[in-house]
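Here's the structure we're looking at; comments come further down.
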Amino acid sequence: MVVVTVALGLLVGISAARRWAVALWVFGLFGLLGAFSLSREPGINWLASIATAAVAAAVALIALRVLYKVIGPAPEAAAETPPSGEVVERVSVAEDIDGIEETGAVSRRKFLVGAGAVLGLGVAMAAGGRFMLERTKRALASRETVVLPQVTETTATTGAPTTTAASPSTTGAGTTAAEAQTSTTAEATTTTTGPTVDGAGPLPAGHSLDVPGISPIITPNEDFYLIDTALSPPQVNLEEWTLKVTGLVENPYEITFQELLTRPFVERYVTLSCVSNSVGGSLVGHAKWLGVPLSVILDEAGLRPEAEQIVGRSVDGFTVGFPSTIPYDGRDALVAVGMNNEPLPIEHGFPVRLVVAGLYGYVSATKWLSELELTTWDGFDAYWVPRGWAKEAPVKTQSRIDTPRHGQIAAGPRAIAGVAWAPHRGVDRVEVKIGNGPWVDAELSSEISDNSWRQWQLAWDPEPGRYKLRVRATDGEGVTQTDIRRPPAPDGATGYHTIDVTVNA
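The sequence shown runs 1 to 505 under the numbering used here.
The following block contains the structure:
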């Protein structure tokens, strides 16, 4: 393999000396292959893969260009024909040979110095890449050791809920629902120790609609939206991780992950949404989260009266900020360690993140959480506030048409369907408008919680023609979303999701 690589390098070098475009194409191709290969590594996202490969390709091109400049022009290019009629001074053969030898020695020295510098840069980049991969592997191995507390059924002897710990997953994915059920059945009459878990309970009948093309009621982890300021997800080793509670508290403290697992846990279904989500956009998802109530963590520290803002700080320095009253107003606000029955995926904040129902992620959803700082409201502005985004940002009521999509469809019976969300308030009603017709109530799936989105559908049997479809939702407080279209900045987009459909005969 080494011989092939060297031979290919020589071929590219010789070809690029004549046509620089060859180097651009070859290194560009290898950059794409490198990005694809790197993106398949667990814990490394596609953006980081592209950036890393682009830097590597750029460095290779720059290195090749530097070597060409160091070596100098080719001998035939260097030898110029004197202008017609110009007298050329002749030198002796000995002087000519001495000059050639001296020039050759200088060129060799320049080449060796340049090649050495390029080699050193290559070694440094290789070492950096290996360090990143090893760090990722350590984080993945650390995640595989996590044993999350599991909800069990009521015991036959006490009639009280108990908990049991699931076995670590060999793939990094925690115990599945079926495995958890099997475990709880086996332990139904056994007294267990460990943290108590207030489970989310079974999903209600009718919680999901059977409509092709509609978003699943529970968003799979691999499909959950990703928006970060980090180019690559921080790789956190559990042995080094701690959570600090600092600032305006009576008893500042710091705990390890294992100490966090001794606190009481809850399971909750919560819809999260990014403030940059446009009307009808995909930056929203619904999952089952496992975590410690944020109020429990704060109560251990004891908030001082002047503590008005909770600052969530990530291991990479990213910050969010929201009112200190939020964890106590009845909504679900969690220091989460689990997502859909498994430890948090690395890209979604492993080992610990914040999940706060009803607030956009940029003011609440710190991933890779390392510190909770209590401060005054005016005493700190989180990451996005100085960049023009609002300091307070409750999630706006929104609805989306998942099916049909923009474009052409065949005539015949079908459903217009999608999802609607208003976390912490709930969705009470969804209406659809077809063309210039009236608003018509859609059928809703059963409510899981007021923090969960709801699916909706409306039967439709259109005649051939062009149609404009609109949707709007009304939240649990009786407020219907506005038709005024506004962009995401500074505190979330508004307006009806509208699509144009052509029905063919």
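The beta-carbon is built from N, C-alpha and C at its ideal position, and this holds for glycine as well. Just so you know, these numbers come straight off a predicted model, no measurement behind them.
Straight-line gap, residue i to residue j (C-alpha atoms, nearest Å)
{"i": "Ser-215", "j": "Thr-376", "result": "40 angstroms"}
{"i": "Gly-213", "j": "Thr-246", "result": "46 angstroms"}
{"i": "Pro-351", "j": "Asp-491", "result": "28 angstroms"}
{"i": "Glu-477", "j": "Trp-421", "result": "13 angstroms"}
{"i": "Thr-171", "j": "Glu-144", "result": "Legend: pLDDT at Thr-171 = 34, less than 50; position of this residue unreliable, value from coordinates given subsequently. Distance between the alpha carbons of Thr-171 and Glu-144 is about 7 angstroms."}
{"i": "Thr-259", "j": "Val-147", "result": "Here residue 259 is Glu; the residue named in the question, Thr, does not match the sequence. For Glu-259 and Val-147, the distance between alpha carbons rounds to 13 angstroms."}
{"i": "Val-197", "j": "Trp-384", "result": "34 angstroms"}
{"i": "Leu-231", "j": "Ser-142", "result": "21 angstroms"}
{"i": "Glu-187", "j": "Gln-150", "result": "Reliability of the predicted coordinates at Glu-187 is poor, the pLDDT of 34 falling under 50, and the value obtained from them is presented with this limitation in mind. Those two C-alpha atoms are separated by around 11 angstroms."}
{"i": "Lys-288", "j": "Pro-345", "result": "13 angstroms"}
{"i": "Pro-204", "j": "Ala-410", "result": "34 angstroms"}
{"i": "Thr-474", "j": "Arg-425", "result": "10 angstroms"}
{"i": "Gln-181", "j": "Val-471", "result": "Its pLDDT being 34, under 50, Gln-181 is placed unreliably in this model, and the value from its coordinates should be taken loosely. Roughly 39 angstroms between the two C-alpha positions."}
{"i": "Thr-397", "j": "Gly-312", "result": "25 angstroms"}
{"i": "Glu-342", "j": "Glu-222", "result": "12 angstroms"}
{"i": "Thr-185", "j": "Gly-201", "result": "Residue confidence is low: Thr-185 scores 32 on pLDDT, short of 50, so the model does not pin down where it sits. Its coordinate-derived value is still stated next. About 16 angstroms."}
{"i": "Gly-281", "j": "Thr-256", "result": "38 angstroms"}
{"i": "Thr-502", "j": "Leu-294", "result": "49 angstroms"}
{"i": "Thr-319", "j": "Val-479", "result": "31 angstroms"}
{"i": "His-497", "j": "Ile-310", "result": "34 angstroms"}
{"i": "Ala-493", "j": "Ala-417", "result": "21 angstroms"}
{"i": "Ile-217", "j": "Leu-298", "result": "32 angstroms"}
{"i": "Asp-461", "j": "Leu-209", "result": "18 angstroms"}
{"i": "Pro-327", "j": "Trp-456", "result": "30 angstroms"}
{"i": "Gly-495", "j": "Arg-400", "result": "11 angstroms"}
{"i": "Ala-336", "j": "Val-355", "result": "6 angstroms"}
{"i": "Tyr-225", "j": "Val-395", "result": "16 angstroms"}
{"i": "Thr-162", "j": "Leu-261", "result": "Note that Thr-162 scores 38 on pLDDT, short of 50, meaning its location in the model is unreliable; the coordinates nonetheless yield the value given after this. Taking the straight line joining both Cα atoms gives about 15 angstroms."}
{"i": "Ser-276", "j": "Pro-386", "result": "16 angstroms"}
{"i": "Trp-241", "j": "Gly-379", "result": "27 angstroms"}
{"i": "Ile-434", "j": "Leu-359", "result": "32 angstroms"}
{"i": "Lys-244", "j": "Leu-238", "result": "14 angstroms"}
{"i": "Leu-444", "j": "Ala-459", "result": "12 angstroms"}
{"i": "Asp-329", "j": "Ala-489", "result": "26 angstroms"}
{"i": "Thr-325", "j": "Asn-436", "result": "45 angstroms"}
Top-ranked residue by Cα proximity to residue i, from the options
{"i": "Glu-279", "options": "Arg-313, Pro-487, Asp-491 and Phe-350", "result": "Sequence inspection shows Val at residue 279; the Glu mentioned does not correspond to that position. The candidate whose alpha carbon is nearest that of Val-279 is Pro-487."}
{"i": "Gln-408", "options": "Thr-480, Leu-334 and Asn-504", "result": "Asn-504"}
{"i": "Pro-464", "options": "Thr-482, His-424, Pro-413 and Val-430", "result": "Pro-413"}
{"i": "Val-340", "options": "Leu-209, Gly-199, Val-501 and Ala-139", "result": "In the sequence under discussion, the amino acid at residue 340 is Asn, which differs from the Val named in the question. Of the listed residues, the one whose Cα sits closest to Asn-340 is Gly-199."}
{"i": "Gly-285", "options": "Gly-361, Asp-210, Val-292 and Ile-326", "result": "Gly-361"}
{"i": "Ser-273", "options": "Val-363, Ser-208 and Ala-382", "result": "Val-363"}
{"i": "Thr-482", "options": "Asn-436, Glu-431 and Pro-462", "result": "Glu-431"}
{"i": "Lys-468", "options": "Ala-390, Asp-500 and Arg-485", "result": "Asp-500"}
{"i": "Thr-229", "options": "Leu-444, Thr-325, Arg-429 and Ala-365", "result": "Ala-365"}
{"i": "Leu-334", "options": "Val-292, Glu-373 and Leu-372", "result": "Val-292"}
{"i": "Gly-317", "options": "Val-440, Ile-484 and Lys-367", "result": "Lys-367"}
{"i": "Pro-195", "options": "Pro-220, Thr-219, Phe-265 and Pro-233", "result": "Phe-265"}
{"i": "Leu-283", "options": "Leu-444, Val-419 and Val-427", "result": "Val-419"}
{"i": "Glu-254", "options": "Thr-219, Ile-227, Leu-372 and Pro-220", "result": "Leu-372"}
8 angstroms contact criterion, which residue i and residue j should meet: CB distance rounded
{"i": "Arg-331", "j": "Val-296", "result": "That pair is no contact at about 15 angstroms."}
{"i": "Pro-323", "j": "Glu-300", "result": "So it is not a contact: roughly 20 angstroms between Cβ atoms."}
{"i": "Ala-357", "j": "Pro-423", "result": "5 angstroms"}
{"i": "Ser-446", "j": "Ser-370", "result": "That pair is no contact at about 38 angstroms."}
{"i": "Ala-415", "j": "Val-211", "result": "5 angstroms"}
{"i": "Gln-235", "j": "Ala-139", "result": "4 angstroms"}
{"i": "Leu-290", "j": "Gly-321", "result": "The pair is not a contact, with the Cβ atoms about 24 angstroms apart (cut-off 8 angstroms)."}
Run of the beta strand (DSSP E) containing residue i, from where it starts to where it stops
{"i": "Phe-322", "result": "319-323"}
{"i": "Asp-461", "result": "No beta strand (DSSP E) contains Asp-461, which DSSP labels as neither H nor E."}
{"i": "Gln-398", "result": "398-403"}
{"i": "Ser-273", "result": "265-273"}
{"i": "Leu-372", "result": "369-375"}
{"i": "Val-337", "result": "333-339"}
{"i": "Ser-314", "result": "309-314"}
{"i": "Asn-504", "result": "497-504"}
{"i": "Lys-433", "result": "427-434"}
{"i": "Gln-481", "result": "Neither: Gln-481 is in no beta strand (DSSP E) and is coded neither H nor E."}
{"i": "Asp-441", "result": "439-441"}
{"i": "Val-419", "result": "414-421"}
{"i": "Gly-407", "result": "407-410"}
{"i": "Val-356", "result": "353-356"}
Run of the alpha helix (DSSP H) containing residue i, from where it starts to where it stops
{"i": "Ala-301", "result": "294-301"}
{"i": "Leu-243", "result": "It is not in any alpha helix (DSSP H) - Leu-243 instead sits in the beta strand (DSSP E) that spans 242-247."}
{"i": "Glu-259", "result": "257-260"}
Are the segment 297-308 and the segment 250-264 touching, with three or more C-beta to C-beta distances below 8 angstroms? Remark: three or more beta-carbon pairs, one from each stretch, lie closer than 8 angstroms, so the segment 297-308 and the segment 250-264 are flagged as touching.
Three Cβ pairs or more, each shorter than 8 angstroms: is that satisfied between the segment 397-406 and the segment 345-359? No: fewer than three Cβ pairs fall under 8 angstroms.
Meets three-Cβ-pair contact criterion under 8 angstroms: the segment 439-456 and the segment 265-275: yes
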